[in-house]
Each structure stands twice: as structure tokens, then as C-alpha cells.
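Data block below; observations after.
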Amino acid sequence: MILWLIVALVGLYLMAPVLVVIATSFTATAYPVFPPQGFTWRWFGEVLASPEYLAAMRFSTALAAASTAIATVLGTLAALGLVRGRFRGQTAISALFLSPIFFPAIVLGLALLIFFNWVGLAGTFPGMVAAHAVLTTPFVIRMVSASLAEFDPAVEEAAKNLGASAMRTFFLVTLPLIRPGVVAGAVFAFIISFDELVVSLFLAGPGMQTLPIRIFTSLEYSSRPSVSAVSTLLILVWLVVGVPLYRRFLDVRHT
Amino acid sequence: MTTYDLEMQGLRKIYGDSVAVDAVTLSLGKGEMVALLGPSGCGKTTTLRMVAGFVEPSAGRILLDGRDITHVPANQRDTGMVFQSYALFPHMTVRRNVAFGLRCRHLPEDEVRRRTAEAIELVGLGSFEERYPRQLSGGQQQRVALARVLVLRPKLLLFDEPLSNLDAKLRVQMRQEIRRLQKDVGITALFVTHDQDEASSIADRIAVMNAGRIEQAGTPAEIYNEPATRFVADFIGTSNLIDGVAETSGDGRMTFRADAGGVFAARGRASTGARGALCIRPEKVDICPPGVAGAREGIVRRTARTAGMMEYVVVLTDGPELTVQEQLRHGIAPREDGALVGVVLREEDTQFLVG
Ligand SMILES: Nc1ncnc2c1ncn2[C@@H]1O[C@H](COP(=O)(O)OP(=O)(O)O)[C@@H](O)[C@H]1O
Ligand SMILES: [Mg+2]
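Chains as they are written, first to last, in the numbering used here: chain Y, 6 to 260; chain A, 148 to 502.
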């Protein structure tokens with residue numbers, strides 16, 4: 006009973022921000038307040054009618070999709086090399102590949118800005134994609150490494166022994182078996198990229214607004230409940246897209 | 148035209164500064180099943196994996212049906228390997244597991260279907276075609292692994308301790324089944340195991356390995372009755388090993404002086420003064436009342452009863468100790484501790500081993 010109460014309290018504590026945001030997006034006042042006063046759909050209408058918000062959503066989706074594609078391919082290949090390969094300094098290289106996870110985002114943003122200025126990628130879409138891929142590849146490596154470490158390498162040898170080429174072995178045996186890790190890595194990469202603010206702020210060129218940048222800047226100038234409405238929409242999207250993916254690929258294996 | 152299917156010539160594998168496999172030379176005749184037998188870590192798996200193409204030899208050659216395959220990639224060697232962990236594809240049904248190799252060979256779909264069904268039938272899994280490996284017992288998974296390689300009719304079958312994950316009863320049953328299948332299809336096979344019973348019951352010949360080397364290769368009876376080295380005598384069955392030196396020798400017969408005392412006649416060749424040991428199997432020693440002509444005398448020191456058998460340690464009056472086994476029959480009372488007994492050692496059952 007006590008345990009149940011503790012779980013409920015911790016749950017409430019963790020969920021509170023989400024609940025507050027959802028609640029305030031229905032307030033009838035002209036600024037976000039909690040508890041909300043009155044009820045209106047108006048802010049959702051405002052968001053969906055706002056060219057800035059829609060453009061930012063499209064931009065963030067494109068950015069996340071492109072960087073996720075790159076991160077998934079690079080991360081999967083890197084994980085294969087790190088787990089299956091036998092070479093000197095493997096542990097050190099492994100740690101190096103995962104290090105962007107632990108760098109402060111602000112340091113990465115600054116470093117990328119300086120570097121991209123030098124190579125002429127600063128303020129460009131490809132630059133943003135590359136930067137986001139740097140941020141998200143380590144997550145793919147982690148996820149794929151975990152599923153690689155889990156399966157018996159003899160299975161790959163068996164495929165070779167039965168006459169399969171390296172390509173055939175990879176696509177018919179290895180990839181299906183690490184698919185949960187690859188998909189989980191890709192979902193993570195997408196979420197992280199979509200949510201990323203700091204590095205994007207450093208690198209975004211004029212007219213390049215990601216959704217987090219858009220939300221951030223609209224809070225700077227005016228504070229309207231439409232910010233809450235956009236956040237509620239985001240939560241809704243994750244409930245519809247993220248949760249089924251999570252259940253399919255992170256919970257149950259090989260069904 | 149070669150009479151051998153598989154020839155390993157001077158195979159070596161060196162990891163860093165340790166030698167895993169040291170100059171292994173072994174030939175397998177057509178249709179022959181040879182067991183590679185030895186203690187854990189002696190290099191059996193490494194040898195097998197060199198033949199399969201998963202380990203690059205440091206030196207030596209591998210010939211399959213007369214063709215040098217030493218540097219041929221694993222997927223072009225035409226060997227069929229059954230792994231200790233079975234290594235089935237967990238995301239494929241039994242049918243797709245078995246069809247995998249045929250599909251790699253781009254055979255027509257109706258041939259793939261027919262041969263797959265035949266192979267699954269051959270191992271008695273006809274009603275399990277659509278199951279996934281995790282829905283099968285260990286023994287059934289083992290059969291799928293067998294069907295998966297047999298369906299390809301490879302030139303060579305390779306087994307790496309395939310039965311070690313099964314329970315004792317199933318292990319004995321699968322042994323016989325593997326042997327029957329192998330003889331039916333007539334494919335040459337190399338079978339790695341650390342279990343001497345398994346090796347003796349499954350193989351035509353046994354190659355005993357120790358520390359990266361093959362110490363002796365021969366039929367199970369040869370290995371047991373005429374061990375070539377002290378290691379083989381000790382590893383296969385139980386042996387009395389009595390240390391000493393050779394005295395006179397000639398004509399394959401010799402006399403031997405034990406360090407503990409006593410002179411013995413034995414089979415073997417050695418120059419006078421060569422150090423070595425006599426190998427005597429406990430069940431080949433006869434125990435009799437004291438005073439029988441030609442028998443040595445000794446005192447029973449320890450007795451132990453096993454199923455249907457008594458085992459004694461007899462200290463010979465000459466000095467050495469012998470473990471002796473005696474079948475328990477009606478009317479024979481077990482010997483008492485401390486009893487004086489006669490012991491008959493036949494020259495043909497007493498073998499000199501150098502080292
Ligand atoms: N990849 C490897 N790297 C280093 N040493 C190895 C490797 N594989 C095997 N060995 C060593 O080679 C020896 C023989 O191993 P193995 O062939 O697996 O023996 P067995 O199968 O007879 O138990 C062992 O000492 C083992 O530690
Ligand atoms: Mg082994």
C-alpha cells in the first residue's frame with residue numbers, strides 16, 4: 006500500500022510538467038496559466054493556421070528524418086565494426102564513438118560552429134543535418150551494439166558455412182536479428198534531433214527555424230497559450246507514433 | 148585420384164605467442180567418420196574452424212577431395228558444420244532454416260522445396276516445418292542443424308561438440324542417430340568431442356589430441372589396447388602407469404625395471420636405459436589365490452565396489468602398486484583389505500611407453 010502510494014507520487018511528479026502543459030493549452034486566457042481558466046480549442050487553431058509553426062514543424066521533420074537516416078547507417082556500421090571486429094584499442098575507440106553523448110551540448114555547438122564556418126557549412130541545411138547526426142549517431146551505436154552483443158556470432162558463421170556471401174549474411178541474418186536495436190536507435194535519433202535546441206541555435210542560418218527554436222523565440226517575445234498547444238500536439242504525436250514503436254521494438258523481441 | 152577426402156598437412160595456428168594447434172597432420176578416407184578427441188583447450192575447435200575456413204592457419208595445408216582449400220573463403224568450401232550452440236537462424240522457421248543453403252545456391256524453387264522437405268523428413272521433423280527454433284527442444288534443434296547441412300550434400304561434415312548441450316540420455320540416442328545418418332549419406336565427417344565414450348561410439352577412427360598435437364590416430368580398439376603415448380594411455384580409460392627404465396629389448400618385446408622395484412616383461416621397443424612407463428589396464432589384470440604358478444604376489448590395500456565390479460589397489464611384493472578390477476560373479480567373495488593375493492600380468496597386456 007505504502008509502495009503503491011510512493012509509485013503514484015513519483016509518477017505524478019514525473020508527469021506533472023506534461024499535465025501542466027496539456028492543461029494550459031486549453032485555457033481561455035490570453036497567456037498560459039495554471040490552473041487553466043475556461044476552455045477553448047482556439048490555440049490549437051492558431052498553431053495550425055500559423056505559417057511559422059507549420060514551416061518550423063516541416064523543417065524539424067525534414068532535419069530529423071535526414072539526420073536519422075545518416076545516423077542509423079553510420080551507427081549500425083560503426084557498431085558492427087566495434088562489436089565484431091578484432092583490433093587494437095577497441096575499448097578506447099568504443100569510448101570515443103560514444104563520447105558525444107557526454108559532451109555538453111553547448112561545447113559541441115560552439116565547436117561545430119567554428120568548424121562549419123571554416124568549411125563553409127555554417128547556416129546551411131546540410132550543416133544542420135551533419136551536426137544532428139553527430140549528436141544522434143552514438144545512440145544508434147549503443148542500441149545496435151546491445152543487440153549485436155546479444156546474439157550468437159556462430160549464427161553468422163553458420164550462414165557463411167551454408168554458402169552465403171558477406172552481403173547475404175548481413176541482409177538475411179545479421180540485419181533481421183539486430184533490427185530491434187536499429188529501429189530503437191533510429192527512433193531515439195529522431196526524437197533527439199526533433200527535440201534538439203542548443204546546437205541548432207548555434208548553427209541555424211537565417212530563416213532556418215526548427216520547432217524548438219520557434220517555441221523558444223515565441224516565448225521570448227510574447228507568451229501565448231499557443232506554445233502550450235504546440236507542445237500538446239508534440240506529446241500527442243509521440244503517443245501515437247513513439248509508444249507503438251517502443252512497444253514493438255524495445256519491449257518484445259523477435260515476435 | 149586420391150583415396151582421401153580430407154587431408155590436413157602440418158596445420159598450425161599461433162595466437163600471439165601461444166601455439167593453439169601445432170603441426171596437425173591427419174587424413175580422412177572417403178565416407179569415414181573421425182573423432183578429434185582431447186581435453187578442453189587442446190586445440191580441437193581451432194583445428195575444425197581452420198577446416199571450415201573461420202580461422203586462417205598460420206602454416207600448413209588443407210586438401211578437400213584433392214583440392215587445396217587452405218585459402219578458399221568459408222562460404223565456398225562445401226563443408227557442412229554443426230555447431231555446439233546449433234546456431235540456427237532464430238527468425239526463420241525450420242523450413243526456411245533448412246532451405247537457406249539451397250537458396251544461396253540459387254537453385255530452382257521447386258527443387259529447393261523438394262529437397263528441403265526430404266531433408267526435414269530424413270531427420271524426422273516432418274510435422275515441425277513451420278515452427279521457429281525457440282519452439283523446439285534441444286534435440287529437435289540439433290536435428291534441424293543436421294538437416295540444414297545434409298540438404299546441401301556437402302563434401303565434408305564438421306561437428307563441434309554438437310551433443311554437449313543435450314541431457315545424457317538424449318546424447319546417447321543422438322550419437323547413434325548421427326552415426327546412422329552419416330553412414331547413410333556416406334559423407335566424410337570430422338567430429339570434435341572431449342568425451343571418449345562419444346568418440347568411441349560414433350567414430351571409425353579417433354585422433355587423440357593433446358596440447359595442439361595429435362598424439363595418436365587409430366580405431367577405438369587400437370587407441371584403447373595399444374596407446375602410443377603416456378598421455379593417450381592416461382586420457383583414454385584408466386591405466387596403471389608404472390615408471391621405470393627399459394632393460395633389454397628386441398623383437399617388439401622387452402624387459403622393464405620399475406623404479407619402485409621388480410622386473411616385468413612387456414611389449415614395446417626401447418634402447419637399454421630409456422625411461423618410460425608400463426601401461427596396464429586394470430581389467431586386464433587377473434587376480435587369483437597366492438601361490439599360482441607365474442603369478443606375482445601382493446597385498447590388497449584398498450577395495451571399492453562399483454556396479455557389478457570390485458576394484459582393488461594391490462601393492463606388489465616387488466614394490467609397485469596396481470589398480471585391479473574384478474568382475475563379481477557368483478561364488479567369488481570380494482577380497483578383504485590386507486589379504487595376500489596372486490596377480491597375473493600378461494606380457495601382451497603390458498605395454499611400454501616412452502616418456
Ligand atoms: N581467438 C583466439 N585467440 C587467442 N587464443 C585462442 C583463440 N581461440 C582459441 N585460443 C586458444 O587456443 C587453445 C585451443 O583452443 P580450442 O581450439 O578452442 O580448444 P578445444 O576446442 O580443444 O577446447 C586454447 O588455449 C585457447 O585459449
Ligand atoms: Mg572446443
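All C-beta atoms in this analysis are idealised placements derived from N, C-alpha and C, irrespective of residue type, glycine included.
Item	Value
What are the start and end residues of each continuous beta strand (DSSP E) run of 3 or more residues lying completely inside the segment 366 to 450 of chain A, in chain order?	387 to 397, 400 to 405, 410 to 414, 422 to 427, 433 to 435
Given 6 Å as the limit, tell me if residue 217 (chain A) has its C-beta closer than that to any heavy atom belonging to ligand 2.	no
In whole angstroms, give me the CA-to-CA distance for residue 264 (chain A) and residue 289 (chain A).	17 Å
So what does residue 175 (chain A) bridge to, in DSSP terms?	A:153
Within the continuous alpha helix (DSSP H) that includes residue 71 (chain Y), where are the two ends?	56 to 89
Under 6 Å from any heavy atom of ligand 2, does the C-beta of residue 192 (chain A) make it?	yes
Do you know how far the Cα of residue 323 (chain A) is from the Cα of residue 461 (chain A)?	38 Å
Whose C-beta lies closer than 6 Å to the C-beta of residue 346 (chain A) among residues of the same chain, with five residues either side of it excluded?	182, 184, 340, 353
Can we say the segment 182 to 191 of chain Y touches the segment 251 to 258 of chain A, given the rule of at least three CB pairs closer than 8 Å?	no
Chain A beta carbons: is any one of them nearer than 7 Å to that of residue 94 (chain Y)?	no
Should residue 123 (chain Y) go down as buried or exposed, given a rule of 16 or more other Cβ atoms within 10 Å for buried?	exposed
Please decide whether residue 155 (chain Y) counts as near chain A, where near means a Cβ-Cβ distance under 7 Å.	no
What do you reckon, is the C-beta of residue 86 (chain Y) under 6 Å from a heavy atom of ligand 1?	no
For chain A, check one thing: does any of its Cβ atoms lie closer than 7 Å to the Cβ of residue 257 (chain Y)?	Model confidence at residue 257 (chain Y) stands at a pLDDT of 43, short of 50, so the residue's coordinates are unreliable; what they give is reported in the following sentence. Not an interface residue.
Could you give the DSSP three-state label for residue 148 (chain Y): helix, strand or coil?	helix
Taking only beta-carbon positions, decide if residue 501 (chain A) is within less than 7 Å of chain Y.	no
Is it buried or exposed, residue 449 (chain A), if we count other Cβ atoms within 10 angstroms and call 16 or more buried?	exposed
Among Y:169, Y:68, Y:218, Y:192, which residue has its Cα nearest to the Cα of residue 129 (chain Y)?	Y:68
Is there a C-beta anywhere in chain Y that falls below 7 Å from the one on residue 347 (chain A)?	no
Could you name the residues of the segment 162 to 191 of chain Y whose beta carbon sits closer than 9 Å to any beta carbon of chain A, in the order they occur along the chain?	162, 163, 164, 165, 166, 167, 168, 169, 170, 171, 173, 174, 177, 178, 181, 182, 184
Using only the alpha-carbon positions, how far apart do residue 237 (chain Y) and residue 30 (chain Y) sit?	7 Å
Take every Cβ of the segment 224 to 241 of chain Y, pair it with every Cβ of the segment 150 to 168 of chain A, and state whether three or more of those distances are shorter than 8 Å.	no
What residue ranges within the segment 218 to 301 of chain A form continuous alpha helix (DSSP H) runs of no fewer than 4 residues, ordered along the chain?	241 to 251, 256 to 269, 285 to 297
Starting from residue 307 (chain A), trace the beta strand (DSSP E) both ways and give me its first and last residue.	303 to 307
Tell me the residue span of the alpha helix (DSSP H) that contains residue 178 (chain Y).	Where residue 178 (chain Y) is concerned, there is no enclosing alpha helix (DSSP H), given that its DSSP letter is neither H nor E.
Determine the closest residue to residue 261 (chain A) out of A:246, A:272, A:275, with distance taken between C-alpha atoms.	A:246
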